[in-house]
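Engineer: Sharing a structure below in structure tokens format, with a few things to ask.
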Amino acid sequence: MNNLPDKYKKLISKGINSSSNLPDLNDMTDRGSFPLKPWTAKKTVGTIKMVNDYNIKDEESFVGKFEQLSKIGLVDLTNQVYEHQIKYFKKYKYDIDTIFKYTYCCIVVNSLKGYSTEKVFDRWAKNNKIKIKYPPAILDQKYHTDRLELNKNNTIKSFISIKPNSFSNNYIQYTDVFCALELLSSITNIEWKIYFRNNVGFSIITRDSLSKREKDKIKENGFKYSKFEKIELESIINSM
4 MNNLPDKYKK LISKGINSSS NLPDLNDMTD RGSFPLKPWT AKKTVGTIKM VNDYNIKDEE
64 SFVGKFEQLS KIGLVDLTNQ VYEHQIKYFK KYKYDIDTIF KYTYCCIVVN SLKGYSTEKV
124 FDRWAKNNKI KIKYPPAILD QKYHTDRLEL NKNNTIKSFI SIKPNSFSNN YIQYTDVFCA
184 LELLSSITNI EWKIYFRNNV GFSIITRDSL SKREKDKIKE NGFKYSKFEK IELESIINSM
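Right under this line is the structure:
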């Protein structure tokens, strides 16, 4: 963390948690009319893979390795999100410190929490005889696919997204997750599944489990992928 400004180090020392993950900023960056997507694969580094590759267990180690490997560091990401408020809110709704805490939460706190949840899922899947493997990195980093479920002949049975228990609270708001999985399904004709933690293991959401209202909401508010992204995705899938 040595490269971070002192004011940001001070915020980190006081503790940054999931309360900094503000819903309207999530809408701005991921699901709004002008999604910024500041932490996509092309701009940063795959954080879950980074945690796994370097056996990272704490925030300080995470930040140090992220600043070393990422194309864009936390300070620049914070500045991008801060300036994007003008396009989305038509004003600076939040000060720079609030934006840093939000960015830090999305990049650092959520990644460490997500890694832990995925490890629990791997054990749960094994106990429930669900055969899985890791997807190509870009499916994880950009298209919300954490695991691939396999058939007995090792072909892909489903695209799996793994979420913490908090995902169950009005899950349909996360249209970026659903739209990425829908895009994968439309290209491959392979189903998707979202598993989120519950008190004893994991609960599942599938397309068939969604109501018509929820399906319509995804179509209405979903992230519109570009033609290039669709071609990119087709190329990745064809190479699997």
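All residue numbers for the sequence shown refer to the numbering used here, where the first residue is 4 and numbers rise by one.
Note that CB positions come from ideal geometry on N, CA and C, so glycine has one too.
(1) Where does Thr47 fall in DSSP's three states?
(2) Check Lys196 in the structure and name its three-state DSSP category.
(3) Look at the alpha carbon of Cys109 and the alpha carbon of Lys13, and state the distance between them as a whole number of angstroms.
(4) Given a cut-off of 8 angstroms, decide if Ala183 and Tyr146 are closer than it, judged by their beta-carbon atoms.
(5) Helix, strand or coil: which one does DSSP assign to Ile89?
(6) Just to confirm before moving on: does the CB-CB distance between Ile175 and Tyr198 stay below 8 angstroms?
(7) Determine the contact status of Leu77 and Thr32, defining contact as a CB-CB distance below 8 angstroms.
(8) Ordered along the chain, which non-local residues of its own chain (more than five positions away) have a Cβ less than 6 angstroms from that of Lys90?
(9) If we ignore side chains and look at the alpha-carbon of each, how far apart do Thr148 and Phe181 end up?
(10) Would you check if the distance between the CB atom of Val111 and the CB atom of Phe65 is smaller than 8 angstroms?
(11) What would DSSP say about Leu151, mapped onto helix, strand or coil?
(12) Quick one: residues in its chain with C-beta nearer than 7 angstroms to the C-beta of Trp127, no 5 flanking neighbours on either side, listed in chain order?
(13) Within 8 angstroms, do at least three Cβ pairs link the region 115-127 to the region 49-58?
(14) State the CB to CB distance for the pair Leu142 and Ile239, rounded to an integer number of angstroms; the pair is presumed to be in contact (CB under 8 angstroms).
(15) Throw me the rounded Cβ distance for the Val246 and Ile59 pair, which I believe falls under 8 angstroms.
(16) My output table needs one value for Ile135: the three-state DSSP class, helix, strand or coil.
(17) Below 8 angstroms on the Cβ atoms is my contact criterion, and I expect Glu185 with Ile221 to pass it. Report the Cβ-Cβ distance as a whole number of Å.
(18) Would Ser23 pass as a contact of Lys104 if the rule is Cβ separation under 8 angstroms?
(19) Flag this pair as yes or no: are the beta carbons of Leu153 and Ile135 separated by less than 8 angstroms?
(20) Would you mind sorting Lys196 into buried or exposed? The rule is 16 or more other CB atoms within 10 Å of its CB.
(21) Excluding sequence positions up to five away, which residues of its chain have a Cβ less than 6 angstroms from the Cβ of Arg150?
(22) Report the rounded CA-to-CA distance for Asn201 versus Asn168, giving the unit in angstroms.
Structural biologist: Working from what's here:
(1) coil
(2) strand
(3) 18 angstroms
(4) yes
(5) helix
(6) no
(7) no
(8) Phe37
(9) 11 angstroms
(10) yes
(11) strand
(12) Gly204, Phe205
(13) yes
(14) 7 angstroms
(15) Beyond the ends of the chain as shown, which are 4 and 243, falls residue 246; an answer cannot be given.
(16) strand
(17) 7 angstroms
(18) yes
(19) yes
(20) buried
(21) Ile135, Ile163
(22) 6 angstroms
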